[in-house]
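Going by UniProt numbering, 88 is the number at position 88 of the sequence shown; the sequence numbering is gapless.
Positions of the beta carbon are idealized from the N, C-alpha and C atoms, including for glycine.
Quantities reported herein were computed from a predicted structural model and do not represent experimental measurements.
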Amino acid sequence: MTPKIIGLTGGIGSGKTTVANFFKQLGVPVYIADAEAKALMSRSKIIKRKLLQLFGNQAYLDNKLNKPFIAKQIFNNEDLLKKMNAIVHPKVAKHFERWVNKQNTDYVISEAAILFENGSYKKYDYIVTVVAPKDIRLKRVMARDKTTVKKVEAIMNNQWDDDKKIALSDFVINNTDLENTKLQVGNIHEKLLKSITKP
């Protein structure tokens, strides 16, 4: 039986990775789309060739993906971001498909930041959205990425607001207190297992 696919999403700084790790602790396989995309951008010769055509020779330094350069290029440049995603996303989707087929569980989690924004939310069996107040999210990202309020807010402005995401989600996790978040993950895990294994 092919596992059910659960989309896990949330705005920047909401704590998707924390939630993903709690699911992992429960034995659920988790696919982090962003990490896999970066790995493929470094590994795939086809992607590499196309990114060099798109961004020029600075896209790679010493054969390694030049993340700061690319981040700077796509920052506030929606057209360039779309072109890059059109190169990377289809490859990630194929890689994910192969990964799912190797899993032997009732369900798997696919963690992706822009699951609603790019329309891919329609292909999931269930969606879990992680939310947290904006001020908490800003603090988290600024501490994690050593960045500015302006830069974090620019990313936030490219993402749907929480209300819009919640309306299309099956489950919502309020991630402000770790213990409480862990409990919420446990409850969702139980509900998912029940609904998937129901005859």
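Alpha carbons only, please: which of the options is nearest the one belonging to residue i?
i	options	result
residue 83	70, 95 and 94	70
residue 8	35, 145 and 114	114
residue 171	163, 178 and 177	163
residue 124	39, 168, 104 and 147	168
residue 157	19, 75 and 35	75
residue 87	47, 105, 80 and 77	47
residue 80	154, 144 and 51	51
residue 68	196, 21, 145 and 195	145
residue 177	142, 19 and 143	19
residue 33	1, 108 and 54	108
residue 116	174, 141, 159 and 6	159
residue 135	38, 175 and 106	175
residue 150	24, 138 and 23	138
residue 121	181, 165 and 104	165
residue 155	127, 72, 104 and 66	72
residue 49	105, 64 and 35	64
Note the first and the last residue of the continuous alpha helix (DSSP H) segment covering residue i.
i	result
residue 75	Unbroken run through residue 75: none, as it is neither H nor E.
residue 193	178-197
residue 174	Taken as a continuous stretch (DSSP letters only), residue 174 belongs to no alpha helix (DSSP H), being part of the beta strand (DSSP E) at 171-174.
residue 114	Element bounds for residue 114: n/a, residue is neither H nor E.
residue 165	162-167
residue 150	149-157
In the DSSP assignment, find the beta strand (DSSP E) that holds residue i and state where it starts and stops.
i	result
residue 30	30-32
residue 4	4-10
Tell me, which residues are paired with residue i by DSSP?
i	result
residue 130	10 and 173
residue 64	61
residue 107	4
Suppose only complete runs of 3+ residues qualify. What are the beta strand (DSSP E) ranges in the segment 16-60, listed by chain order? 30-32
With three or more C-beta pairs closer than 8 angstroms as the rule, is the segment 22-36 touching the segment 131-140? no
Okay, do the segment 13-23 and the segment 84-95 touch, 3+ Cβ pairs below 8 angstroms being the bar? no
Spell out a yes or no on whether the segment 55-71 and the segment 38-47 are touching, meaning 3 or more CB-CB pairs, one atom from each, closer than 8 angstroms. yes
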